[in-house]
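Numbering (the working numbering), first residue to last: 7 to 250.
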């Protein structure tokens, strides 16, 4: 009888493991001198990085995808306060006693323990270097003189993990500051109108700073094949993942 119960338990466990793994978001692995970085594509503007058991949640928002089986955060980065980038209830769930959070000022105003970063600021968390950079519109506006993302309000971030530099642009267009970036290995650039960039704008920026790998994200219903076609003949590898 004990043997039968044991076999039943093992069979049930074998059935349940695939169910959990199916709920995990798609992920890529990037090699660095500090070990592999796993990047989990939760959806829209939400990402999770994991390196040597150190977990970074970027713009964690429940509407982007499921967080049911994802670990709590060692570091949380929020680019700006719009509700598809800031989810205070989820941030509370992901927080541990030791969790650090960096964000722009408006997001920190509603998460009292968050630390504010402004473009140009440089911080560290564990062995990771974090640089805040500008993220803003130069073309698209809500109304005349009122851009969706004004300059100096939201952030993008550059993370240096070992030998690799990862750029998460936040909600931005192909600004002069973006096009002047150097030595970016992996870039996440937003691509949806009217809030961020067209495929042509993304390609313009990417051709200027030449990331090794380019992930369009936050792209909604934009035709990602247009970007792939525009980047043909460059040294940048374009990877399309489920980041609508």
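Beta carbons are placed, not taken as given, at the ideal position from N, Cα and C, and that holds for glycine.
| Item | Value |
| --- | --- |
| Using beta-carbon positions only, say whether residue 100 and residue 113 come within less than 8 Å of one another. | no |
| Within this structure, are the beta carbons of residue 66 and residue 96 separated by less than 8 Å? | yes |
| Measure from the alpha carbon of residue 78 to the alpha carbon of each residue in 104, 85, 170, then state which is nearest. | 104 |
| Since residue 159 and residue 198 are thought to touch, with beta carbons under 8 Å apart, how far apart are those beta carbons, to the nearest angstrom? | Not a contact, Cβ separation roughly 19 Å. |
| Sorted by chain position, which residues of the same chain lie with C-beta nearer than 6 Å to residue 131's C-beta, five sequence neighbours on each side aside? | 81, 106 |
| For residue 231, which residues from the same chain have a beta carbon less than 8 Å from its beta carbon, with the 5 sequence-adjacent residues on both sides left out? | none |
| Taking the beta strand (DSSP E) that residue 137 falls in, what are its first and last residues? | 134-141 |
| Beta-carbon separation of residue 94 and residue 117 under 8 Å? | yes |
| I'd like to check one pair, residue 219 with residue 191: are the Cβ atoms closer than 8 Å? | yes |
| For residue 178, count the other beta carbons within 10 Å of its own beta carbon; 16 or more makes it buried, fewer makes it exposed. Which is it? | buried |
| For residue 193, does the three-state DSSP call read helix, strand or coil? | strand |
| Taking 8 Å as the threshold, find out whether the segment 120-130 comes into contact with the segment 143-154 through three or more Cβ pairs. | no |
| For residue 109, which residues does DSSP report across the bridge? | 84, 122 |
| Taking the alpha-carbon of residue 37 as reference, which of 172, 238, 157 has the nearest alpha-carbon? | 172 |
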